[in-house]
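Position 244 of the sequence shown, counted from 1, bears residue number 250 in the numbering used here, the numbering being contiguous throughout.
Glycine is no exception: its CB is placed at the ideal position from the N, C-alpha and C atoms.
Quantities reported herein were computed from a predicted structural model and do not represent experimental measurements.
Scroll down for the structure; my scribbles are underneath it.
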Amino acid sequence: MKSVKNIIALVCLYMLSACEEKPLVIPDFVPPTSGKVVLIEEFTGASCTGCPQGAAKVEELLNLLPNNVAAVAIHGAFLSEPIANKSKYDFRNEDAAVLEQEPSFALQSKPAAMIDRSEVFPGQPIIKDSPPSWGIFVEELLQEDQELELSIDAIVDNGVLEVTVFGTALVDLPGNYNLGVYVTQSHIIDYQKTTGSTISDFEFNHFLRKSLTNVPYGNIIDSDLVIGDSFERNFTFTLPTDLDPMIPEWKVEDLEVVAYVSRDGGTVAPIIQAAKKKL
7 MKSVKNIIAL VCLYMLSACE EKPLVIPDFV PPTSGKVVLI EEFTGASCTG CPQGAAKVEE
67 LLNLLPNNVA AVAIHGAFLS EPIANKSKYD FRNEDAAVLE QEPSFALQSK PAAMIDRSEV
127 FPGQPIIKDS PPSWGIFVEE LLQEDQELEL SIDAIVDNGV LEVTVFGTAL VDLPGNYNLG
187 VYVTQSHIID YQKTTGSTIS DFEFNHFLRK SLTNVPYGNI IDSDLVIGDS FERNFTFTLP
247 TDLDPMIPEW KVEDLEVVAY VSRDGGTVAP IIQAAKKKL
């Protein structure tokens, strides 16, 4: 609760400073020494003129905190349609649409993001229209204690993606917990709308290709974990080869598996730990 209050205070300060046209001064951030990893679920789209700013902020945070941040770019339906007579690819898919349309996420505009699905205000996990503030949330959440060790093994063998996710409780974790596993792809070049123009060589990264678990909340893994309890879950997925020309080719070298564990209950099931593994 203290963390949420601190975040709200910082966001209010950000908004106030923006109105007064004064720069927001944020104290120097000290990277965490623990293995805490937060997940950015970015709602974006090729037809969203403000979304390049969101994508740039995500890359900035990944570069600043490569061991403590994981990211997924969600191209659902809203402002995600291909640009007429320009786009080579259509990044939309069913899993992304389900995430984008989840009522409890209450997505209303883009760019937007969820950071560990933590509530910005009661019942609202979406940070709207303010990519500069995303870093405030990331830094604040990284100050929380790590509660779970989470890791991923992933290989592709004869066109089949094989994923194993391991978890170990570092503290007692009462309640129910869910596991979500995403497959993302990066380094896809295509057209992107921006304010007043179109970028012809925009690099799309962390694009959600497939969820290996139920969306939007993942699969139930366990309840009432005590310190030292472990779990292991295995997944397989055959990479499609017979694709529509508008669907990007699956390139193994550009794939990444992202996993998260969330605490079931409440409005949005906040994430307590994330992990990532490049192929």
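Per DSSP, what kind of secondary structure is residue i in: helix, strand or coil?
i: Lys63; result: helix
i: Ile253; result: coil
i: Gly181; result: strand
i: Gln152; result: coil
i: Gln198; result: strand
i: Ile142; result: helix
i: Pro105; result: What sits at residue 105 in the sequence shown is Leu, not Pro. Correct three-state label for Leu105: helix.
i: Val189; result: strand
i: Leu231; result: strand
i: Ser115; result: coil
i: Asp207; result: strand
i: Asn69; result: helix
i: Leu147; result: helix
i: Asp159; result: strand
i: Leu30; result: With a pLDDT of 48 at Leu30, under the threshold of 50, the modelled position of this residue cannot be trusted; read the value that follows with caution. In this structure, Leu30 counts as coil in the three-state DSSP scheme.
i: Ser110; result: helix
i: Val258; result: helix
i: Glu87; result: coil
i: Tyr266; result: strand
i: Glu100; result: helix
Near residue i, which residues of its chain fall below 6 Å by C-beta distance, leaving aside the five closest residues on each side in sequence?
i: Ser229; result: Asn182
i: Asp2; result: In this structure the chain extends from 7 to 285, so residue 2 is not present and cannot be described.
Do you know whose CA, among the options, lies nearest residue i's CA?
i: Ser86; options: Asn99, Ile46 and Val162; result: Asn99
i: Ala265; options: Thr273, Gly271, Asn69 and Ile277; result: Ile277
i: Thr273; options: His212, Gly56 and Ile132; result: Ile132
i: Leu156; options: Glu262, Thr170 and Val162; result: Thr170
i: Arg239; options: His212, Gly173 and Arg269; result: Gly173
i: Asn220; options: Pro137, Gln279, Asn184 and Cys57; result: Asn184
i: Ser286; options: Leu261, Cys57 and Pro117; result: Any question about residue 286 goes unanswered here, given that the chain covers just 7 to 285.
i: Ile205; options: Val75, Phe84, Ser93 and Leu113; result: Ser93
i: Lys199; options: Glu65, Asn73, Asn91 and Leu70; result: Asn91
i: Ile253; options: Glu65, Pro58 and Phe97; result: Phe97
i: Lys216; options: Ala79, Ala61, Lys63 and Ser53; result: Ala79
i: Glu259; options: Gly82, Ala119, Asn211 and Cys54; result: Asn211
i: Gly129; options: Leu285, Gln279 and Gly271; result: Gly271
i: Glu146; options: Trp256, Ala280 and Pro38; result: Pro38
Please list, in chain order, all residues of the same chain as residue i whose beta carbon is under 7 Å from its beta carbon, the five residues on each side excluded.
i: Leu218; result: Val169, Val187, Val189, Phe241 and Phe243
i: Gly41; result: Gln152 and Glu155
i: Arg269; result: Gly181, Tyr183, Ala275, Pro276 and Ile278
Excluding the five sequence neighbours on either side, which residues of its own chain have a C-beta within less than 8 Å of the C-beta of residue i, listed in chain order?
i: Ser115; result: Lys134 and Asp135
*If we count Cβ pairs, one from each stretch, closer than 8 Å, do we get three or more for the region 153-166 versus the region 237-249?*
yes
*May I ask you to verify whether the region 42-57 touches the region 119-129, counting CB pairs closer than 8 Å and requiring at least 3?*
With a cut-off of 8 Å, the region 119-129 and the region 42-57 count as touching, because enough Cβ pairs lie within range.
*Taking three-plus beta-carbon pairs below 8 Å as touching, is the region 102-109 in contact with the region 171-181?*
no
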